[in-house]
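Input: a single structure, listed below in structure tokens.
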Amino acid sequence: FDMRDGSLWFDGKLIPWKDAKVHVLTHGLHYASCVFEGERMYSGRIYKLKEHTERLFESARILGIKIPYAIDEINKACMEACEVQGYTDAYVRPVVWRGSEMMAVSAQKTKTHVAVATWSWPSYFDPETKMKGIRLDISQWKRPAPDTAPTAAKAAGLYMICTMSKHAAEDKGYTDALMLDYRGYVAEATGANIVFVQDGVLHTPKPDCFLDGITRRSVEALARIRQLKVVERHIKPEEMAGFSEAFLCGTAAEVTPVAEIGPYTFKPGEISRMLLTDYLADVQREKSVVEL
Ligand code: PMP
7 FDMRDGSLWF DGKLIPWKDA KVHVLTHGLH YASCVFEGER MYSGRIYKLK EHTERLFESA
67 RILGIKIPYA IDEINKACME ACEVQGYTDA YVRPVVWRGS EMMAVSAQKT KTHVAVATWS
127 WPSYFDPETK MKGIRLDISQ WKRPAPDTAP TAAKAAGLYM ICTMSKHAAE DKGYTDALML
187 DYRGYVAEAT GANIVFVQDG VLHTPKPDCF LDGITRRSVE ALARIRQLKV VERHIKPEEM
247 AGFSEAFLCG TAAEVTPVAE IGPYTFKPGE ISRMLLTDYL ADVQREKSVV EL
């Protein structure tokens, strides 16, 4: 992956992909002083670019990292990183990390670096295959409390337990894992939010200790246009027995129906199909906030 051809945006310039290196004594690598975003470009526009860039700045602010660029410069960097690769449809990964100027828990003298890489990452499945639904394991790892970790940030360190949960799930033949939170309520999957359906109402966990996904907010808005009620609340795992449909929402996952979560089964149905279709239409419709 790191020896690909092409270019990416690195500390203010477009440089060859292969030259985008960091030193092994990078603070972000040792101590996870790193925040990032995940975006998708559709037909030449990055969907919700403004929201993603704002979240990147907010994640950095929460970790006490000052991004040495303006919001507009990062928006532009995301667009240029797609453009230089000739992409009109791509996954976009901005990343911010503390450098190698000193090596200690304290990072007062480190520089903050920013890069944006883009690559081709088509939807995993076509909508009909998606409608079969994926299977999720229930993770042994819990999302931490907001006074234990900076849970509102999209911070690299929070993904350690996501990778461990995902690997444990894959080793058992599942596609992904559902994580509960520190209180035992349903939280999210390892890289996407979860939404349930019961009697035409959407139920989704209140994002008070995990990532408040931009995709889920978009899907909630689309559901309201369809006159569907959306309830954000604490959901106990045993309540999953009473839900008819379930789906994941995330930039990479888009809307992905779920057929199984541990012992609970769901039947991907009309509401999942409608919101999957509405979402795929919405991503094509959105106007760009950045003109090159
Ligand atoms: N939760 C986690 C842990 C994620 O990594 C993601 C993907 N960024 C999401 C939720 C969904 O967020 P979004 O819709 O903003 O991509």
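Remember, UniProt numbering sits 6 above the position in the sequence shown when you count from 1. All residues carry an ideal CB built from backbone N, CA and C; glycine is no exception. A quick note: this is a predicted structure, and the numbers were derived from the prediction, not measured.
Shortest gap from the CB of G163 to any heavy atom of the ligand PMP: 8 Å or more. Here DSSP, grouped into helix, strand and coil, assigns S171 to helix.
Contact between the stretch 152-166 and the stretch 277-296 is absent: fewer than three C-beta pairs spanning the two stretches fall below 8 Å. In this structure, V237 sits away from L282, with a CB-CB distance that is not shorter than 9 Å. Boundaries around L281 are those of the alpha helix (DSSP H), E276 to R291, since no beta strand (DSSP E) includes it.
Residue environment analysis places Q91 among the buried positions, since at least 16 neighbouring C-beta atoms fall within 10 angstroms of its C-beta.
Remark: the shortest separation between the CB of A195 and any heavy atom of the ligand PMP falls under 8 Å. G248 and L228 have their alpha carbons spaced roughly 24 Å apart. Non-local beta-carbon contacts of R10 in its own chain, meaning distances under 6 Å to residues more than five positions away in sequence, involve W23 in chain order. DSSP, reduced to helix, strand and coil, places V261 within a strand of the structure shown. T210 is bridged by DSSP to E238.
Three or more beta-carbon pairs separated by less than 8 Å link the stretch 143-157 to the stretch 215-230, which places the two stretches in contact. Listed in chain order, the non-local C-beta contacts of K212 below 8 Å within the same chain comprise E238, R239 and H240, local neighbours out to five positions each way being set aside. Annotation: K72 is outside any alpha helix (DSSP H) and is labelled neither H nor E by DSSP. Secondary structure note for R223: its alpha helix (DSSP H) is the uninterrupted segment I220 to I231. Take the alpha-carbon of H58 and the one of A87: they are about 15 Å apart. N81 has its CB no nearer than 8 Å to any heavy atom of the ligand PMP. Looking at the DSSP output, R189 shares a beta bridge with no other residue.
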